[in-house]
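Numbering (full-length UniProt numbering), first residue to last: 1 to 230.
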């Protein structure tokens, strides 16, 4: 899941981005409102974490413009994160369409809990636990298990497998995987996906009944499904 973090305080932005990436989320950052507005106009995110006091465009204006666009992008969940914790600011933000509000200073565990809640809410009626054979992904804990044991994955391996298991049985285009695994600022090209597919395949190759397997559908993308016992 890709998150946009809009925060102009450099150290805080770096700290938050690391914490979110450690939670297996793909994070893109903006340090001013104008850049955030441009990204939200062209990119899709599962969540926006938005500071209010920003250079070039105030956070409330970013929020107002996002909601005014309508469509799926206009419904992106927004968590306001700001030192402007007065009642009037909170009410204004919520009235403009913010989904949650967290005042600085805050505890990281509370931020993580609110992020998980908003991501879970954004999934609507989708399953909280996805299965493919003996592979399972818990969307609340954001963790994979395989044959009942934790599956060790790097953050990008995790992102690849999450994109596949949440669409288990359906082909996922290479370009779609790239968008969900890499942030815009990452120095990577489309072929990097093949490397991570190869690594994840090796970790799934158990040779046991109930194994999950990734198939390459030439010209279409990749497909995760239980391995054929035959």
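No residue lacks a Cβ here, since even glycine has one placed at the ideal position from N, Cα and C.
Quick caveat, the model's predicted, so the values are computed rather than measured.
**Request:** Report yes if the CB atom of residue 5 is closer than 8 Å to the CB atom of residue 20, and no otherwise.
**Result:** What you label residue 5 is simply residue 5 of the chain shown in a count that begins at 1. What you label residue 20 is simply residue 20 of the chain shown in a count that begins at 1. In this structure, the beta-carbon distance from residue 5 to residue 20 falls below 8 Å.
**Message:** Would the stretch 192-205 count as touching the stretch 160-175 if we require 3 or more Cβ pairs under 8 Å?
**Reply:** Cβ pair count under 8 Å is three or more, so yes.
**Prompt:** Residues in its own chain within less than 6 Å of residue 156 by CB, not counting five upstream and five downstream?
**Reply:** Within the chain shown, residue 156 is the residue found at index 156, counting from 1. If we look at residue 156 and ignore the five residues flanking it on each side, its Cβ neighbours are 181, 196.
**residue 69, buried or exposed, once every other Cβ within 10 Å from all chains shown has been counted against 16** = Counted from its first residue, the chain shown places residue 69 at position 69. The residue is exposed, with fewer than 16 neighbouring Cβ atoms inside 10 Å.
**Request:** Indicate the three-state DSSP secondary structure (helix, strand or coil) for residue 153 in the structure shown.
**Result:** The sequence position of residue 153 within the chain shown is 153, counting from 1. Residue 153: coil per DSSP, three-state reduction.
**Item:** Entirely enclosed beta strand (DSSP E) segments - the UniProt domain "OmpR/PhoB-type" (127-226), minimum 3 residues
**Value:** Every unbroken stretch of the beta strand (DSSP E) spanning 3 or more residues and falling wholly within the UniProt domain "OmpR/PhoB-type" (127-226) is given here in chain order: 129-132, 135-138, 143-146, 212-217, 221-226.
**Asked** Is the number of C-beta pairs between the stretch 71-84 and the stretch 35-50 that are closer than 8 Å three or more?
**Response** Contact between the stretch 71-84 and the stretch 35-50 is present, because at least three Cβ pairs lie under 8 Å.
**Request:** Let me know if residue 154 comes out buried or exposed under the rule of 16 or more other beta-carbons within 10 Å of its beta-carbon.
**Result:** Here residue 154 refers to the residue found at position 154 when the chain shown is read from its first residue. Exposed, since its Cβ has fewer than 16 Cβ neighbours within 10 Å.
**Asked** Mapping DSSP to helix, strand and coil, what is residue 44?
**Response** Residue numbering aside, residue 44 sits at position 44 when the chain shown is read from its first letter. Residue state, collapsed to three classes: coil.
**Message:** Please give me, in chain order, every unbroken run of the alpha helix (DSSP H) with length at least 4 that falls completely inside the UniProt domain "Response regulatory" (2-119).
**Reply:** 10-22, 33-42, 59-69, 71-74, 87-95
**Prompt:** Would you report the Cα separation of residue 14 and residue 209, rounded to the nearest angstrom?
**Reply:** In the chain shown, counting from the first residue as 1, residue 14 sits at position 14. In the chain shown, counting from the first residue as 1, residue 209 sits at position 209. Those two C-alpha atoms are separated by around 43 Å.
**Neighbour-count burial assignment, residue 3, 16 or more Cβ in a 10 Å radius** = Mapped onto the chain shown, residue 3 falls at position 3. Buried, by the Cβ-count rule.
**Asked** Should the stretch 141-148 be called in touch with the stretch 183-192, which here means at least 3 C-beta pairs below 8 Å?
**Response** no
**residue 135 beta carbon less than 8 Å from that of residue 212** = As a first step, residue 212 is located in the chain shown; it is residue number 212 there, counting from the start. As a first step, residue 135 is located in the chain shown; it is residue number 135 there, counting from the start. A contact, by the Cβ cut-off of 8 Å.
**Request:** Could you tell me the distance, in whole angstroms, from the CA atom of residue 35 to the CA atom of residue 60?
**Result:** Numbered from its first residue, the chain shown carries residue 35 at position 35. Numbered from its first residue, the chain shown carries residue 60 at position 60. Roughly 14 Å separates the two Cα atoms.
**residue 125 classed as buried or exposed, judged by whether at least 16 other C-beta atoms fall within 10 angstroms** = For the purposes of this step, residue 125 is identified with residue 125 of the chain shown, where counting begins at 1. Note that residue 125 scores 48 on pLDDT, short of 50, meaning its location in the model is unreliable and no value can be drawn from it.
**Message:** Which residue wins for smallest C-alpha separation from residue 83, given the options 113, 12, 24?
**Reply:** To locate residue 83, count along the chain shown from 1; it is residue 83. Ranking 113, 12, 24 by CA distance to the CA of residue 83 puts 12 first.
**Message:** Less than 6 Å between C-beta atoms, sequence neighbours within five positions excluded: which residues of the same chain meet that for residue 170?
**Reply:** Translated into the one-based positions of the chain shown, residue 170 becomes position 170. Cβ within range, chain order: n/a, list empty.
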